[in-house]
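Residue numbers (the working numbering): -13 to 253.
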């Protein structure tokens, strides 16, 4: 399987963001990607007071365009995430389409980012977003793929549940802050790959976003041994990596840690 990541610098201009995402998808599809992944909040990243107004139903305009793109390019397409409006609630939601443009997965972010960073910067995702509660995988032509979003990365129990459900690849669309990302992004991703002996593909936002928000970037693909096999440079760009699941199986056979779990103690 070839996987492509679209690292973006999403702003508060939805039309521009959609065009950037679709151009990156076209580029990766032309390079032979089977599965393309967008970052968290690919279509809008702006001030809190504008988030509700820019939320969309699913299906809705932004996701429908990507459904047509998946079908037109005959690829699996993970739509990163958008703010989903359902009734009076807002979710941070991901959708995945297959090569025929059929929806094969839907995930709502479980863990919400509520922190106060020294210096007066406050992130309170729960002020707008309602958490999801479902653990989600999908089949990508024989490969079980697990879903997560950004802050979920800090909760290893989610990734272990995805591994228990058979995940050989776990996806992380993200808008990881520069403050935490420079120290935690890479070690967390590599740890999740090593713990679960699987591939991790993390597609990130990069750079400044309105207002006073700076994301770390460094989108990457990590193999089951915990080694980075592809990583984005700074800026808006794409990454393509080939995943070898026979290699993953060989690592699991040589280091059978998943078989040694004490389910009688830890479930």
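Virtual Cβ for every residue (Gly too), placed ideally from N, Cα, C.
task = Using alpha carbons as the reference points, say which of 127, 102, 228 and 209 lies closest to residue 236.
result = Translated into positions along the chain shown, residue 236 becomes position 250. The option with the nearest alpha carbon to residue 236 is 209.
query = Would you report the Cα separation of residue 4 and residue 198, rounded to the nearest angstrom?
reply = Taking the chain shown and counting its residues from 1, the one referred to as residue 4 is at position 18. Taking the chain shown and counting its residues from 1, the one referred to as residue 198 is at position 212. One C-alpha to the other measures close to 22 Å.
task = Could you say if the region 153 to 171 and the region 182 to 199 meet the contact criterion of at least three C-beta pairs nearer than 8 Å?
result = Touching, per the Cβ criterion.
ask   = Just how far apart, CA to CA, sit residue 23 and residue 29?
value = Translated into positions along the chain shown, residue 23 becomes position 37. Translated into positions along the chain shown, residue 29 becomes position 43. Taking the straight line joining both Cα atoms gives about 13 Å.
query = Hey, residue 145 and residue 178 are a contact pair by Cβ (cut 8 Å); roughly how many whole angstroms apart?
reply = By one-based count along the chain shown, residue 145 stands at place 159. By one-based count along the chain shown, residue 178 stands at place 192. Taking a contact as a CB-CB distance under 8 Å, the pair residue 145 and residue 178 counts as one, their CB atoms being some 5 Å apart.
key: Secondary structure, alpha helix (DSSP H): runs of 4+ residues fully inside the region 111 to 157   = Within the region 111 to 157, the complete alpha helix (DSSP H) runs of at least 4 residues are 142 to 150.
request  = Could you tell me how far apart the beta carbons of residue 95 and residue 67 are, in whole angstroms, since I believe they sit closer than 8 Å?
outcome  = Numbered from its first residue, the chain shown carries residue 95 at position 109. Numbered from its first residue, the chain shown carries residue 67 at position 81. Yes, residue 95 and residue 67 are in contact; Cβ-Cβ is about 7 Å, under 8 Å.
query = If we ignore side chains and look at the alpha-carbon of each, how far apart do residue 153 and residue 0 end up?
reply = The residue you call residue 153 lines up with position 167 of the chain shown. The residue you call residue 0 lines up with position 14 of the chain shown. For residue 153 and residue 0, the distance between alpha carbons rounds to 33 Å.
Assigned secondary structure, residue 171 (DSSP; H/G/I helix, E/B strand, else coil) = Looking up residue 171 in the chain shown gives position 185. Three-state result, residue 171: helix.
inquiry  = Please classify residue -10 as buried or exposed, where buried requires at least 16 other C-beta atoms within 10 Å of its C-beta.
reply    = Here the question's residue -10 lines up with position 4 in the chain shown. By the 10 Å Cβ count, residue -10 comes out buried.
inquiry  = I need the straight-line Cα distance from residue 203 to residue 16, nearest angstrom please.
reply    = Residue numbering aside, residue 203 sits at position 217 when the chain shown is read from its first letter. Residue numbering aside, residue 16 sits at position 30 when the chain shown is read from its first letter. About 23 Å.
task = Could you tell me the distance, in whole angstroms, from the CA atom of residue 34 to the CA atom of residue -3?
result = Within the chain shown, the letter at position 48 stands for residue 34. Within the chain shown, the letter at position 11 stands for residue -3. Cα to Cα, the separation comes out at about 13 Å.
query = Distance, Cα to Cα, residue 217 vs residue 207?
reply = Stepping through the chain shown from its first residue, residue 217 is reached at position 231. Stepping through the chain shown from its first residue, residue 207 is reached at position 221. Each residue's alpha carbon lies about 7 Å from the other.
Best match in 224, -5 and 135 for proximity to residue 121 [C-alpha to C-alpha] = If you number the chain shown from 1, residue 121 lands on position 135. Answer by Cα proximity: 135.
Buried versus exposed, by CB contacts within 10 Å (16 or more), residue 100 = Mapped onto the chain shown, residue 100 falls at position 114. Exposed is the call here.
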